[in-house]
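K.L.:
In my numbering, the protein residues as written are 7 to 264.
Using N, Cα and C, we set each Cβ at its ideal position, and we do this for glycine too.
In this text the structure is predicted, and so the values were computed from the model without any measurement.
A single structure is presented below for examination.
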Amino acid sequence: MIPSILGVLCVVASVQSWPAKIPIQSYTMPGDREQGVIATFNFTVERHNNNRMNPFKFAYRNRDMRTSSADTWGVTKKLCDDLQSGFMMMIAGETSRLHSAFLGVADHLEIPFINWDLSPIVLQDIGSNSMEVSMRPPTAELLADLIIQKNWNYVIYMHDGRNSAQNVHQIYNFIQQKSNLSVRCEIVRIPRDPSDFGEYLQKFNLQRFLTNEPKRIIIDVQTSYRQQQFLAAIRAAQFNQHHYHYVVANYVSFRVMS
């Protein structure tokens, strides 16, 4: 994915008036370093700059955003402070709450913004004047195909984002286009604080303990960090998950622990 991001930058860098080194700025969140995001950026930028065939080089910097997920004002201030030093492209993967801060700065100041963590809200609703490029395609059609293939008539949709209702609506649209399957969907919101994931799963199980029907659960979390934390909570859950079937509704890679 990182080489794809830098490929987009190479296309933008074809403007002749830009400097020989294009300043780009990434913003990472807690957990990104452990997942190798920063190391991957450093490696890819170095590899790009060492290639003599590339007419433009990148001057790359990263800021570690140790801030609250609700502190949009603090994030906006940091973006403006960094802009005083100058950069022509910003790259970030972040929660949906901070997304408005990045997108607001990008659109108002016309700075290209590459987002690696969030899917576009609605493809057809993204205006041509938007400065954001999302690297994560939506998954609604894939999930609809899976539900049809498995002939599921009831699913539980666990989410933590503002676009859950829209995502479920898109899944239903694809199901209706491709089959006559009737599907019930229960929408359940995941806690905001990862430290509450364990208790949340325990309560979720207690509410459904007496039902023998399989639990087909679609997990749709907004960032790779939160997904890792939620999957870890599922593996550590102290209850029988024999009839639980989990589907991760995004493209983030992870290790399955035995």
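Between the alpha carbons of ASP88 and ASN55, how many angstroms are there, rounded?
P.N.:
When rounded, the distance between both Cα atoms is 23 Å.
K.L.:
DSSP puts THR78 in a beta bridge; with which residues?
P.N.:
Partner(s): none; THR78 has no beta bridge.
K.L.:
List the DSSP bridge partners of PHE119.
P.N.:
For PHE119, the pairing in a beta bridge is given by DSSP as MET96 and GLU138.
K.L.:
Return the chain-ordered list of same chain residues with a C-beta closer than 8 Å to the C-beta of LYS285, the five sequence neighbours on each side being excluded.
P.N.:
In this structure the chain extends from 7 to 264, so residue 285 is not present and cannot be described.
K.L.:
Could you spell out where the alpha helix (DSSP H) holding ALA239 opens and where it closes?
P.N.:
230–242
K.L.:
Considering only C-alpha positions, which residue in the set ILE44, VAL253 and ALA242 is nearest to ARG67?
P.N.:
ILE44
K.L.:
Quick one: grab the DSSP three-state call for ASN68.
P.N.:
strand
K.L.:
Helix, strand or coil: which one does DSSP assign to PRO220?
P.N.:
coil
K.L.:
Would you mind sorting ARG232 into buried or exposed? The rule is 16 or more other CB atoms within 10 Å of its CB.
P.N.:
buried
K.L.:
Three or more C-beta pairs under 8 Å: does that hold for the stretch 236–249 against the stretch 204–213?
P.N.:
yes
K.L.:
Just to confirm my understanding: we take MET94, look at its own chain, exclude 5 residues before and 5 after, and list those with CB closer than 6 Å. What are they?
P.N.:
ILE28 and PRO29
K.L.:
Once you ignore the five residues that flank GLN176 on each side, which residues in its own chain have a CB closer than 6 Å to its CB?
P.N.:
ALA146
K.L.:
Where does ALA98 land, buried or exposed, given buried means 16+ other C-beta within 10 angstroms?
P.N.:
buried
K.L.:
CA-CA distance, LEU149 and ALA255?
P.N.:
7 Å
K.L.:
Rounded to whole angstroms, what's the CA-CA distance from LEU85 to GLU52? Just pull it up for me.
P.N.:
24 Å
K.L.:
Which runs of the alpha helix (DSSP H) spanning at least 4 residues fall entirely within the stretch 134–211, listed in chain order?
P.N.:
Counting whole runs of 4 or more residues, the stretch 134–211 contains the alpha helix (DSSP H) stretches 146–156 and 170–184.
K.L.:
Between which two residues does the beta strand (DSSP E) carrying HIS251 extend?
P.N.:
250–254
K.L.:
Would GLN31 be called buried (16 or more neighbouring beta carbons within 10 Å of its own) or exposed?
P.N.:
In the assembly as shown, GLN31 is a buried residue. Its beta-carbon has 16 or more other beta-carbons within 10 Å.
K.L.:
Just checking: is the beta-carbon of VAL189 within a distance shorter than 8 Å of some beta-carbon in chain C?
P.N.:
Annotation note: the requested chain C is absent from the structure, which comprises a single protein chain.
K.L.:
Can you say whether PRO36 is buried or exposed, counting buried as having 16 or more other CB atoms within 10 angstroms of its CB?
P.N.:
exposed
K.L.:
Name the residue from THR50, PHE49, ILE240 and ASP70 whose alpha carbon lies nearest to the alpha carbon of THR34.
P.N.:
ASP70
K.L.:
Would you check if the distance between the CB atom of MET96 and the CB atom of ASP113 is smaller than 8 Å?
P.N.:
no
K.L.:
Where does ALA213 sit, in a helix, a strand or coil, going by DSSP?
P.N.:
Before going further, note that residue 213 is Gln rather than Ala in the sequence given. Correct three-state label for GLN213: helix.
K.L.:
According to the Cβ coordinates, are ASP123 and SER230 closer than 8 Å?
P.N.:
yes
K.L.:
Keeping to the same chain, check which residues put their C-beta closer than 8 Å to that of HIS105; ignore five residues upstream and five downstream.
P.N.:
ASN121 and LEU124
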